Structure formats: structure tokens, C-alpha cells
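Just so you know, the sequences run in chain order Y and P. Note that this note's numbering has the first sequence beginning at 28, numbered continuously upward. Note that this note's numbering has the second sequence beginning at 28, numbered continuously upward. Beta carbons: idealized from backbone N, C-alpha and C, even for Gly. All values reported here derive from a predicted model rather than from experimental measurement.
Protein chains: 2
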Amino acid sequence: MESTKPEVDQYRRRLLAAGATGAAAGLAGWSPASLAQQKPLPPFASFKDANRMIVHSASGIETKRSAFGTSGITSNDILFVRNNIAAPNASITDNPDAWVVEFDGVTSSRKLTVADLKQMGLASVSMVLQCSGNGRGFFGHKASGSQWKVGAAGNALWSGVPVKAVVQELGGVREGMRYMTSTGGEVIPQGVDPKKVMVERSVPWTAMETAILAWELNGDALPLAHGGPLRLIIPGYYGVNNIKYVKRVAFTAEQTGANIQASGYRVRPIGQKGAPTQPSMWEMNLKSFVTSPSGEGAVKAGTAQIHGVAWSGGSPVSAVEVSIDGGKTWRAARFFGQDMGRYAWRQFVLPVRLAAGSYEITSRAIAEDGTVQPELRTENERGYAHNGWRDHAVKVTVA
Amino acid sequence: MESTKPEVDQYRRRLLAAGATGAAAGLAGWSPASLAQQKPLPPFASFKDANRMIVHSASGIETKRSAFGTSGITSNDILFVRNNIAAPNASITDNPDAWVVEFDGVTSSRKLTVADLKQMGLASVSMVLQCSGNGRGFFGHKASGSQWKVGAAGNALWSGVPVKAVVQELGGVREGMRYMTSTGGEVIPQGVDPKKVMVERSVPWTAMETAILAWELNGDALPLAHGGPLRLIIPGYYGVNNIKYVKRVAFTAEQTGANIQASGYRVRPIGQKGAPTQPSMWEMNLKSFVTSPSGEGAVKAGTAQIHGVAWSGGSPVSAVEVSIDGGKTWRAARFFGQDMGRYAWRQFVLPVRLAAGSYEITSRAIAEDGTVQPELRTENERGYAHNGWRDHAVKVTVA
């Protein structure tokens with residue numbers, strides 16, 4: 028979205044001048060993580076546990092590495108929040124069943140309410156939601172955007188109707204449609220070219236096979252901060268594709284021309300502008316990180332149960348290795364807890380005896396197809412898709 | 028615990044007279060569910076979502092049938108609460124790592140802190156926690172105790188150290204020990220015979236194979252209301268065996284003589300007193316219930332996705348059938364969501380076209396060993412172990 032900056036900044040200044048700071052959520056400027064903990068939670072995320080979050084901005088709130096615990100599911104109290112533009116008015120979640128979503132590019136185009144969707148099917152999936160820029164804070168070139176470390180990711184339970192069930196009800200996808208293009212219900216500020224700020228994303232149409240339209244998150248009605256009343260959930264895909272407040276799902280011959288698709292969320296060399304020819308942020312790559320030790324508290328000499336999480340949007344994770352010496356040597360970790368399916372993350376643990384000294388503790392995941400999580404990040408303009416294990420290491424002093 | 032009533036009531040009166048209502052949690056009298064919704068949440072459970080709970084008493088709080096949702100996990104905000112006697116002072120959760128638990132009946136008896144336990148291993152399990160008396164409210168003979176309907180049960184993620192790992196560290200279980208006998212950290216009121224009110228339960232010692240000592244619930248530090256800082260978790264066993272504030276785990280030759288074991292939680296004919304010769308409330312039986320329609324809201328004509336949950340402490344659930352005509356005819360439901368392991372509950376769904384009219388909707392689970400959830404409850408004095416599908420039916424009028 029960097030190409031929209033001038034307009035967005037102008038809009039933000041206008042709002043701030045009018046004192047409408049709440050409405051500016053999602054448009055506020057970025058700031059380094061080091062300053063973040065002073066910031067209050069924005070109103071739409073006030074239910075979060077502030078002690079376990081890092082507030083980068085009113086639209087960028089990260090889970091602390093130490094907060095993930097060992098239960099496998101990231102609770103609503105700590106799941107990260109990221110909005111591209113301001114969320115709609117909170118009143119849209121007052122009566123979730125009345126929310127309307129339009130389907131197009133199917134045999135019988137139609138508008139359906141959530142109440143209608145609830146008659147059509149039911150599915151629940153455990154899925155890692157991760158911001159494309161998670162790990163951006165480790166890049167060296169000051170990539171613009173939230174300076175996330177590890178916590179713009181979480182594994183949650185999403186329930187709703189399978190997109191496929193709805194599509195079947197509407198007679199199937201029309202011939203020649205190659206993308207599923209979905210649109211968020213955010214309000215476009217007056218005077219701004221919609222294409223420049225609208226949240227509309229296209230993914231390969233086959234993604235509908237596993238996608239759901241979700242109204243429930245970890246057992247609660249989907250909160251506004253996470254896209255309620257209705258969010259498109261595409262297991263294995265980066266967060267931006269999981270359209271919040273989804274108001275339209277269309278099967279299209281081409282990708283949307285909206286900036287967020289055409290030039291935004293494109294992986295390209297540092298200094299280059301975004302363009303449709305560059306790779307789009309679709310399926311997540313293979314990644315893991317250690318959640319304990321987190322680097323936040325002191326570690327005493329003795330046995331440490333080093334644990335963390337591993338996941339992939341592609342070939343499933345088959346093993347995880349842990350290093351305590353910055354990658355010189357590796358040992359096989361053991362999975363623990365329940366396997367929650369191929370789109371969930373898997374928890375791993377390795378008991379290690381730590382004597383007094385300094386350690387650099389990290390993990391690397393290995394996928395069924397033999398892919399190994401790489402050591403280094405792939406340098407790119409916007410700091411996307413960071414899965415290098417070196418930057419994700421935790422430096423620990425054991426006393 | 029009915030035999031302890033005189034002492035408990037006396038204690039409660041004394042406390043209430045002194046204005047120490049908070050400390051009386053767990054000792055308050057029972058009252059019918061119909062009056063329950065007026066009661067406030069007790070302080071130690073104030074974090075619960077009152078709108079989704081039924082407060083029977085300060086120590087008996089049930090999840091509404093309509094509150095379970097479709098995510099599979101019961102969040103901390105709505106998980107039921109049941110204490111036999113007052114919880115210890117909330118300060119015990121201030122520094123969970125300092126909590127001490129004593130191990131006995133092992134080669135090297137020892138006291139260990141939670142910090143020690145955290146070095147010894149790590150496990151996480153998805154497990155149904157269910158009160159022995161869940162469903163008591165359906166019995167006809169006014170069995171004493173909370174008049175639970177379906178919601179003294181929930182499926183949650185518990186993390187901690189495997190008991191077996193601790194036992195191995197302590198040299199193994201001593202010869203001849205046939206029970207694992209564990210003791211809660213509740214404070215016994217002065218002047219009361221400890222045996223009459225203490226929470227100490229024995230289970231077959233082999234239960235240690237899957238048991239954990241848990242300090243985490245659904246990703247949060249285990250709250251006091253659920254047994255924090257440390258709770259014994261025995262997958263597949265009724266709630267009472269999952270000792271809260273556990274301060275001692277002993278392998279013993281005999282079952283404890285505490286009333287809660289010797290005469291309490293014993294299944295016997297109506298009118299009989301409890302005795303050690305009667306079956307103890309250990310492994311949970313095969314059970315399911317419908318969570319939607321819940322009978323609370325109106326149901327419109329059209330397709331309803333009838334859904335619910337099924338579980339067993341014994342042979343795993345292999346199928347669920349649903350009836351909309353009070354058990355005259357049955358149709359096979361489909362499982363949905365993730366299988367979270369043999370101690371979790373499984374979600375099922377059946378889409379049914381409902382025309383205007385009256386329905387009696389219920390479910391019955393079938394286990395791998397061929398067991399079928401029965402139609403009727405087994406009548407028993409204390410209203411334990413109710414898994415009859417007829418009483419669990421929801422009456423629905425479709426308009």
C-alpha cells in the first residue's frame with residue numbers, strides 16, 4: 028500500500044485535526060517497537076490483554092513472544108491485529124446474522140445474509156493467521172510498515188460455512204474464472220480513489236476448496252478487530268488474503284486492479300516499486316520460532332524445555348530441529364500436544380541442560396517435501412515473508 | 028459430600044455472619060436453575076462471560092447450552108466452575124512457580140515446586156472436563172447438588188508436566204501401590220474433621236500414564252477458579268478426580284479414607300448411603316448432546332445445521348446419530364472440525380430441513396467397541412453420570 032501513502036497521510040491529518048483519532052485506526056503512522064509499549068490499545072481491540080501485546084499503532088498490535096504459551100491455540104485476548112484501513116463502525120457486529128455478502132462469478136449471482144449462510148453448511152478449521160510482514164522488524168533496510176518481530180501470527184479456530192458449499196448452492200463457478208476476488212467492507216474515505224485504498228484481494232480460485240466464511244473465532248462471535256461479523260478464511264494464505272468484513276466474493280477472470288493486489292503485497296528487490304509481475308503474498312512459507320525461552324525473563328541454569336511453534340502454507344511440517352549455539356549444531360525436537368491439522372501450527376519441545384553462559388537459541392522446520400527453513404531472510408523492499416531462522420533466534424544469558 | 032452437610036452449613040453461617048462472603052465460595056447452598064440467572068458471578072470467577080453462564084451458586088457455575096459454539100474448544104470465559112469447598116486465597120496464583128507439591132509412594136519421596144516441574148517435561152492435552160453430576164437437573168427425585176443441565180462440561184487445552192515424567196525422575200512407583208491419591212490445597216475450616224471435607228481422591232495408579240500436572244488452561248496461566256496454580260488432570264476421568272490446587276500426589280496401597288472418596292461420588296440406588304463398595308466416579312461414560320438448536324432462541328423454517336458434541340472416557344466415539352422426532356428415527360451425523368485426540372470431544376453436524384412444527388431433537392453417540400449411548404438415565408441417589416439421550420433432547424418449535 029506504499030503507493031497510497033500521500034492520500035492516506037492527508038486523510039489521517041484531516042482526521043487527527045478533527046480530533047477523530049478513533050476513526051483513524053488503521054491509518055496511523057508507524058513507530059518502532061521500542062516505543063510501542065507505551066501506547067494504549069485502540070478501542071476496537073480493548074479486550075486484548077495489554078500486558079501480553081506490543082502496540083505498534085492503532086492498527087498494528089503484536090503478540091509478545093512470551094505470551095504464546097503451550098496450548099497450541101492463540102486466544103482472542105492475545106491474537107495479533109492488523110488493519111490496512113480503518114475498520115467499519117462497530118455497529119456492524121450488533122446483528123451479525125444481518126450482514127450481507129454478494130456472490131458473483133457463479134452461475135446464480137446473489138446476495139446472501141449470514142443467516143442464509145448458516146443454513147448452507149458448517150466447518151471449523153484450526154489455522155495460522157500471519158501478517159505478510161511478520162518478522163519485518165528484523166530487516167536491516169527499515170522496510171516501511173509495522174516492525175513486527177515474531178508475534179504477527181497466531182493459531183486460532185475459525186468456524187463458518189465452506190465457500191464451496193455456498194458456490195455449489197449458487198450453481199458453481201462460471202467458466203473461465205481463475206481467481207477468487209474478495210472485498211472488505213471498510214468505508215472508503217470521501218475524495219480518495221477507491222482503488223488506492225480498498226481492501227480487495229484475488230487468490231487462485233482453487234483456494235475456495237478449503238476456504239470458509241467465518242463468523243466465529245475460538246468459540247466467540249468474530250470480533251470487529253478480527254473481521255467480524257464475517258471474514259474470509261483461506262487456510263495456508265497470508266493474513267491480507269483473509270478479507271475482513273467481507274462484503275463480496277467474486278470469481279473473476281483476472282486479478283483485481285486494486286493497489287493492494289496490483290502493486291501492494293508484491294515481493295521485489297529493495298528500492299523497486301510494486302508491480303503485478305512480481306510474486307504476490309499468497310501461500311505462507313515454511314517457518315518456526317522458539318517461544319520459550321523468550322528472551323524476556325532470566326533463565327536459571329538447569330534443564331530448560333525449549334519450545335516453540337512450526338507451520339507451513341505448503342508442504343506440511345514433518346520435523347523441527349533446535350540449536351542453542353546459533354546454528355552451529357542442531358538437535359531434533361519432539362512434537363507435543365495435538366496435531367490440529369495441516370493449516371495449524373505444531374508445537375515442538377526439546378529439553379536441554381543449560382549451564383551458566385550465553386546461548387543463541389533458534390529452530391528450523393523441515394517439510395514433508397524436504398524443504399528446510401532457511402538460515403537467512405530473502406531481502407525485499409517491504410520486508411515480507413521472513414522465515415530465516417538466524418534472525419528469529421533468542422539470545423539468552425543463563426546464570 | 029452429603030454426609031458433611033451439618034459441618035459445612037455451620038461453617039458457612041459463621042463466615043456469612045462475619046461478612047466473609049468471598050471466602051465462603053464453594054460452601055453456599057444450592058438453588059434451582061430457574062433462579063440462577065439473577066445471581067452474580069463470585070469474585071474468583073468474575074472473568075466469566077455472565078451472559079453465557081448459569082450461576083447456580085458461588086461454587087457452581089454452568090455453561091449455557093447455546094454458548095458452546097462450533098470451535099471445539101471451550102474458552103476460559105465460559106468453562107464451568109465447580110468447587111467442593113472454598114478455594115484457597117487468590118494469592119496462591121501470584122507466583123505460580125513457587126507452589127509446592129509433595130510426591131509420595133515413589134522411590135524418592137520429595138517436595139517439588141512448579142518451577143522444578145517445569146524442568147521435567149512438557150505436555151498438552153485437549154480434554155473434556157465434566158462434573159460427575161452434569162445432567163443432575165434432569166433427574167426426577169431432586170438429587171442434592173447443583174441442578175446442572177448440559178453445561179457442567181467443557182473441552183479445554185491443558186498444559187503441564189506428565190505425571191509419569193515426574194515419577195520417573197523420583198525413581199518410579201513403589202511396589203504394591205495400586206492407587207494414585209491426590210490432595211487439594213483447600214484450607215480446612217478449624218473445628219471440622221478434615222476427613223469429612225478435604226478434597227482427596229484416589230484413582231487406579233495406571234491413570235498416571237496419561238495424567239499431567241497442569242499450570243496452563245487454553246493458553247492462560249491456570250486461573251484459581253480452575254485449580255491454579257496447579258491442577259492434576261486425568262484425561263477421561265470425571266471432574267472431581269482432577270484435583271485443584273494440588274499439594275500432594277501419593278501412590279498408595281489403598282484408597283483414601285476421605286469422605287469424598289469413601290462415601291462421596293459413589294453410584295448407588297436412590298435412598299442409599301454412600302459406601303466404598305459402590306462404583307466410584309472415575310472414567311466418564313459415553314455421552315453426546317446437541318448444542319444447536321439450543322432451545323433458547325426461535326428457529327425459523329428452513330435448513331438447520333443441527334450440531335453438538337460427543338465424547339467418552341472409555342472406548343472412543345466412532346459415530347453420532349441425530350433424531351428430530353424424540354428418538355423414533357435416527358440419521359447419521361457427520362463429524363466436523365479437527366479431531367483433537369481421544370480425550371477431547373468431537374463435534375458433529377447434521378443438516379436437516381425443518382418445516383413449521385414441533386421437534387424433539389437429540390443425539391446419541393456410538394463407541395468403537397459398539398457401545399451405544401443409552402436412552403434413559405441410570406437412576407441413582409446423587410444424580411451422577413447422566414448420559415441418557417432422552418432427557419438431553421431439545422424441544423423446538425419451528426415457525
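Coil, strand or helix - residue i by DSSP
i	result
Y/Met147	helix
Y/Trp57	Note that Y/Trp57 has pLDDT 36, beneath the 50 cutoff, so the model's placement of it is unreliable and the number below is only indicative. In the structure shown, Y/Trp57 sits in coil (DSSP, three-state: anything other than H, G, I, E or B).
P/Gln37	Its pLDDT being 35, under 50, P/Gln37 is placed unreliably in this model, and the value from its coordinates should be taken loosely. Three-state result, P/Gln37: helix.
P/Gly21	The structure shown has nothing for residue 21 of chain P, since chain P only spans 28 to 426.
Y/Ala183	strand
Y/Tyr311	Note on residue identity: the sequence assigns Met, not Tyr, to residue 311 of chain Y. If DSSP states are grouped into helix, strand and coil, Y/Met311 belongs with coil.
P/Gln305	coil
Y/Val273	strand
Y/Gly384	strand
Y/Leu403	coil
Y/Thr283	coil
P/Ser321	coil
Y/Tyr370	coil
Y/Tyr206	strand
Y/Ser153	strand
P/Ser390	strand
P/Val326	strand
Y/Val200	strand
P/Thr48	Annotation note: pLDDT 36 at P/Thr48 (below 50); position unreliable, no value reported.
P/Arg409	coil
Y/Arg417	coil
Y/Arg293	strand
Run of the alpha helix (DSSP H) containing residue i, from where it starts to where it stops
i	result
Y/Lys176	That residue, Y/Lys176, is in no alpha helix (DSSP H); it is neither H nor E in DSSP.
Y/Ala346	Unbroken run through Y/Ala346 is the beta strand (DSSP E), 344-350; no alpha helix (DSSP H).
P/Pro378	Segment 373-381 is the beta strand (DSSP E) holding P/Pro378; no alpha helix (DSSP H) there.
Y/Ala289	286-289
P/Glu196	190-196
Nearest to residue i (by Cα), restricted to the options the options
i	options	result
P/Asp124	P/Leu139, P/Ala114, P/Glu408, P/Phe130	P/Leu139
Y/Val108	Y/Ser84, Y/Thr424, Y/Arg92	Y/Ser84
Y/Gly364	Y/Gly99, Y/Phe165, Y/Ser173, Y/Met225	Y/Gly99
Y/Gly284	Y/Ser209, Y/Gly324, Y/Thr318	Y/Ser209
Y/Lys169	Y/Glu408, Y/Gly301, Y/Glu227	Y/Glu408
Y/Ala183	Y/Leu313, Y/Val155, Y/Tyr411	Y/Val155
Y/Leu249	Y/Gly368, Y/Ala117, Y/Gln374, Y/His334	Y/Ala117
P/Met225	P/Arg275, P/Val347, P/Met235, P/Gly199	P/Arg275
P/Val294	P/Gln374, P/Pro306, P/Ser390, P/Gln288	P/Pro306
P/Ala135	P/Gly198, P/Arg205, P/Ser385	According to the sequence provided, residue 135 of chain P is Ser. The question's Ala does not apply to it. Residue P/Gly198 is the option with its Cα nearest to P/Ser135.
Y/Asn103	Y/Asp418, Y/Gln299, Y/Leu244, Y/Glu310	Y/Leu244
P/Tyr206	P/Gln282, P/Val376, P/Ser385, P/Asn414	P/Gln282
Y/Trp185	Y/Ser153, Y/Arg163, Y/Thr318	Y/Ser153
P/Gly329	P/Ala382, P/Leu377, P/Arg361	P/Ala382
P/Gly384	P/Ala412, P/Trp232, P/Val376, P/Asp352	P/Asp352
Assumed close pair residue i, residue j - CB separation to whole angstroms, cut-off 8 Å
i	j	result
Y/Ile297	Y/Glu406	6 Å
P/Gly254	P/Lys271	3 Å
P/Val423	P/Pro320	5 Å
P/Ile287	P/Asn111	7 Å
P/Ser350	P/Ala394	Actually they do not touch by this definition, with Cβ atoms about 18 Å apart.
Y/Thr90	Y/Ile105	5 Å
Y/Gln332	P/Lys145	7 Å
Y/Glu213	Y/Ala113	7 Å
Y/Glu348	Y/Ala359	6 Å
P/Val425	P/Val326	5 Å
P/Val188	P/Leu240	5 Å
Run of the beta strand (DSSP E) containing residue i, from where it starts to where it stops
i	result
P/Gln332	329-338
Y/Ile260	258-260
P/Ala360	From DSSP, P/Ala360 is part of no beta strand (DSSP E); its letter is neither H nor E.
P/Thr424	421-425
Quiz item: Which runs of the alpha helix (DSSP H) spanning at least 4 residues fall entirely within the region 59-93 of chain Y, listed in chain order?
Solution: 60-63
Query raised in the report: Where are the alpha helix (DSSP H) runs, 4 residues long or more, that stay fully inside the region 210-270 of chain Y, in chain order?
Result: Taking 4 residues as the shortest admissible run, the region 210-270 of chain Y contains the following complete alpha helix (DSSP H) segments, listed from N- to C-terminal end: 221-224.
inquiry  = My parser needs the alpha helix (DSSP H) runs of 4 or more residues fully inside the region 90-147 of chain Y; what are they?
reply    = 141-147
Contact residues within the region 356-368 of chain P, judged by C-beta distance below 7 Å to chain B
Here chain B cannot be found, since the structure's protein chains are Y and P.
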